Structures are given as C-alpha cells and as structure tokens.
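Working notes, structure below.
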Amino acid sequence: MKIHEYQAAALFKAYGVRVPEGRAVAAPAEAEAAARALGDGPFVIKAQVHSGGRGKAGGVKFAQTPAEAARRAEEILGMTLVTKQTGPQGRVVCKALVSRAVQIAREYYLSLTVDGARERVVMIASSAGGMEIEETAREAPEKICTLEIDPYLGLTGYQAREMGGRLGLSRAEIQQFIPLCKNLYRLFVEKDCSLVEINPLVVDGAGDLVAADAKINFDDNALFRHPDIAELRDENEEEPRETEAAKYDLNYIGLDGDIGCMVNGAGLAMATMDIIQAFGGSPANFLDVGGSATAEKVAGAFSILLADRKVRCIFINIFGGIMRCDIIAEGVVAAARNLAVKAPLVVRLEGTNAEAGKRILSQSGLNIVAAADMADGAEKACRLAKEAGA
Ligand code: ADP
Ligand code: MG
835 MKIHEYQAAA LFKAYGVRVP EGRAVAAPAE AEAAARALGD GPFVIKAQVH SGGRGKAGGV
895 KFAQTPAEAA RRAEEILGMT LVTKQTGPQG RVVCKALVSR AVQIAREYYL SLTVDGARER
955 VVMIASSAGG MEIEETAREA PEKICTLEID PYLGLTGYQA REMGGRLGLS RAEIQQFIPL
1015 CKNLYRLFVE KDCSLVEINP LVVDGAGDLV AADAKINFDD NALFRHPDIA ELRDENEEEP
1075 RETEAAKYDL NYIGLDGDIG CMVNGAGLAM ATMDIIQAFG GSPANFLDVG GSATAEKVAG
1135 AFSILLADRK VRCIFINIFG GIMRCDIIAE GVVAAARNLA VKAPLVVRLE GTNAEAGKRI
1195 LSQSGLNIVA AADMADGAEK ACRLAKEAGA
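Each residue of the sequence shown is one higher than the one before, starting from 835 at the first, in the working numbering.
Here you go:
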C-alpha cells in the first residue's frame, strides 16, 4: 500500500526525522491559511498523488506570500498530473501539501527497501539526489551506494557513519546522519514497510539534514497488524477493480488482454496466464480467489471480471483440493445467472467432487463450455475470445 507524502512526512516526524513544517489542504483558501500559519515564506505547494516525478510534471510550485500560495494551490488542485509513473491518463490532484520551502545547499538520495535476492533490507544512498536520480542510476551507477543490513544486528552506527563518509558528508552532518538512518530503519521495521525513501534529503542553509520529500510503501500482508496505517489508504489513488477485489479478499491485478481469468491459487493463476499466452491469447487479469473461496467470493470475482469491458471470454480454472468443485460450480452458476453473464465461460474443474461440479454446470442451461483439462480450456478460451473479437 502506498500513502501520500504528507502522511509519510507525519510518520517521519513521529520517528524523529526532520521534515519541513506543513499542512495538507483541499482548497486555495485553506492553502492561504496554512501558509499564514507557517509564518514567513517562501512556501512550497505540492500535489499529493501516489506518484513521484511531480516536480518535473508541474506538481511542485513555490510561493513567496500566503496569497501567492493560494494561487499556486488553485493551479495544482484539480489538475490532472501526468508523471513518468502515472501513465498517460495521469492522476487528478485532490489535495496539496503547503510547507515551508527549505533553503537547499545540497540534495541527497536515501532509501531503505527489501532486496529479495540478498534476503536483506538494504540502504541505498547517493550524493546525486533530487529529480535526476533515475538518470544517475542509469548513467553513473557508481554514484549509488548500497549497504546490507543484518536483521539480527539492525542498522549499526558504524554502517551509517561509513555511508555518510561515502556521501561526502562533513563530520557535523554525519552526527545528524547516524540517528537519521537509525530512525528510518526503526520506522521501516516497526511499520512493516517495503520502501522508505527520502529524495531529496536536503542539507539546508543552517547545515541541518531535512527530508524535503517523503515516500513510504507498506507490505500489504502485514497491514492487519497496523490498523493506524491501514486507515491512511486513499482509495481514490488505487485501481478501482483492485480495491473492489480487496473487499472480497481476492488477489486481483488488471492486465491488458481480453480473457478474464478466475483461478484458485496464485501458482495456478500464473500458470493459467502462461498457458493462455502459449495458445496465442492474452489474459485480462490475474485473479486468485484463494483456497477457501465461497459462493460470495466467486460472485464478487465475477462482478469484477465483468466490469472490465475488454473481457470477451472467461476462463475458470479450478483445482478443488480443500475447496470442493461442486461448491464452486454452484457459485459460478448462481453468479452467472444473477449477473446475466453473456460472455462465454470456459470451465475446467479438477479435484474433489469434480464430477458433481461438472454435472451442475452442464445442467445449468448457461453458455458454459466444459474443458477436459487446462490446455484444452486455454485453447478453447483463446478461440472463443478471438471469435468474439472478430
Ligand atoms: P517529486 O519527487 O515527486 O518530484 P519532490 O517532493 O521531490 O517531488 O519535489 C521536487 C523538487 O522540489 C525537489 O527535488 C526539491 O528540489 C524541491 N522541493 C520539494 N520540497 C521542497 C521544500 N520543502 N523546500 C524546498 N524545495 C523543495
Ligand atoms: Mg522527490
């Protein structure tokens, strides 16, 4: 799960990481009041969307006075911000962060993330921070420093000190950098983050280290232990079908193809997408209904698949282990009737009570094509999708 910069900045502050004072606003008048409350300018007004690259896209603007802050907020609020990360459709900006502009002496990059290959949390830092970090990573990778963190020892003072040295920080700056790194690591672990990123980490006019941007992603699988974090979710920023799927506890990822997939188990779901591709088709989604799908879940899954207008055919590929095929079949029939499904359904059922399940499907009178096995199902689904598209 992603959160907004203003929310991440509040968490930074709670963990002792210095951030510019600021407030999130939803209207120009609020921006003016927020700037006035901050005191003397200059101010910075920043679009709050779940995307980086806002600076280059016109989503970060400076203002000298509260009145100007209101004008800049008016420009930003309601705009569709198209960044490198949003895709061409962009994101509508509903909130802006008004904060004190810090005087930038130097900009650094600093982040913590999980490196799957090393099975460790890693800290990544660079003295070439700011809006060009992607270019730096591509063209001058030697400017990116990485250190591995031992999960037992945690981030040690000497590691942080060494990193500060590699970044070329002064002794006084390193004295601030060490607790900053330790606080960030504590935040990362305690809140089950998958990414904590400060870009830029600024050395300001007074020589202090300030996080001028704040980005945090959380591990969805750990959200159950952080109700305070789960509350920060902004559904406006999420793919609506994925939000809907989360309500039914389904793992759904929208894709570009025309064959809707309903599968139980993540491994089988991936294999299903592969086999569709192998037969020349293209999946419209990844959908894992889980090992304990109920009729309600199946109905929920159907409604999500059908909401995707690209879908021309639905391939249901179920292996009944714990889950019984007859229960699934009943769920499929009930949902297909309720939702008046018109697209052809190709169904492959295997495992516990498969015969009973197949009987229920064949007697339902619905437009259901039975598949003998997975390959047969994929082949039929690809053919039907092609015919429907012709
Ligand atoms: P993004 O990463 O989405 O482009 P940032 O928050 O990093 O957005 O802002 C872009 C740039 O704007 C930063 O690299 C920094 O130079 C400048 N900036 C952002 N916040 C401040 C601030 N509070 N004071 C001064 N400059 C800022
Ligand atoms: Mg940034």
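The beta carbon of each residue, even a glycine, is placed where N, CA and C say it ideally should be.
Fair warning: this is a prediction, and the values are worked out from it, not measured in the lab.
Could you tell me the distance, in whole angstroms, from the CA atom of residue i to the CA atom of residue j?
i	j	result
Glu982	Val956	5 Å
Asn1186	Ile1087	Reading the sequence as shown, one finds Thr at residue 1186 and not Asn. Each residue's Cα considered, the two are about 27 Å apart.
Ile837	Ser1198	46 Å
Glu1130	Tyr1082	8 Å
Thr980	Gly950	14 Å
Ala1141	Pro900	45 Å
Asn1151	Leu1139	14 Å
Asp1092	Ala871	53 Å
Cys1147	Gly1155	25 Å
Ala1112	Ala1209	9 Å
Ala858	Lys1025	22 Å
Gly886	Lys918	8 Å
Ala1163	Lys895	56 Å
Leu1065	Ala842	The identity of residue 1065 in the sequence shown is Glu, whereas the question assumes Leu. Spanning the two alpha carbons is a distance of roughly 13 Å.
Ile1202	Val1167	9 Å
Gln1009	Thr990	14 Å
Val1030	Lys1214	45 Å
Glu908	Ser933	15 Å
Gly921	Ala1079	22 Å
Arg954	Leu1035	23 Å
Tyr942	Ile1012	15 Å
What whole-angstrom Cβ distance do residue i and residue j have, given they're in contact under 8 Å?
i	j	result
Cys928	Asn1051	Cys928 to Asn1051, Cβ: 20 Å. No contact.
Gly1125	Gly1099	6 Å
Asp1038	Gln898	Not confirmed; about 18 Å, so no contact.
Ile879	Ala891	Actually they do not touch by this definition, with Cβ atoms about 14 Å apart.
Gly1191	Leu1179	At roughly 13 Å, the Cβ-Cβ gap does not stay under 8 Å, so Gly1191 and Leu1179 are not in contact.
Asp1122	Leu1089	Not really, about 13 Å apart at Cβ, beyond 8 Å.
Leu946	Tyr1019	6 Å
Leu915	Gly893	5 Å
Ala994	Lys1016	7 Å
Asn1119	Gly1094	6 Å
Tell me the residue span of the beta strand (DSSP E) that contains residue i.
i	result
Leu1121	1119-1122
Tyr1086	1085-1088
Leu1043	1043-1045
Ile1063	Per DSSP, Ile1063 belongs to no beta strand (DSSP E); it is in the alpha helix (DSSP H), 1061-1064.
Ala881	877-881
Just curious, the alpha helix (DSSP H) that residue i is in, first and last residue?
i	result
Gly1165	1159-1172
Phe846	839-848
Lys1144	Note, Lys1144: premise wrong, no alpha helix (DSSP H); not H, not E.
Arg870	862-872
Glu1076	1074-1081
Identify the residues that DSSP records as bridge partners of residue i: which are they?
i	result
Asn1017	According to DSSP, Asn1017 bridges with nothing at all.
Asp1038	Ile938
Arg857	Val932
Asn1051	Lys836, Leu1029
Phe1153	Glu1184
Ala959	Leu944, Cys979
Arg954	Asp949
Ile1148	Gly1094, Leu1179
Please indicate yes or no: does the CB of residue i lie closer than 7 Å to some heavy atom of the ligand ZN?
i	result
Asp1038	As presented, the structure is devoid of the ligand ZN, carrying the ligand ADP and the ligand MG as its sole ligands.
*Any chance you could list the beta strand (DSSP E) runs of at least 3 consecutive residues sitting entirely within the stretch 961-1002, in chain order?*
978-983
*Where are the alpha helix (DSSP H) runs, 4 residues long or more, that stay fully inside the stretch 890-952, in chain order?*
900-910
*Minimum length 3: unbroken beta strand (DSSP E) runs contained in the stretch 1178-1219*: 1179-1185, 1202-1204
*Enumerate, from N- to C-terminal direction, the unbroken beta strand (DSSP E) stretches of 3 or more residues contained entirely within the stretch 1086-1117.*
1093-1097
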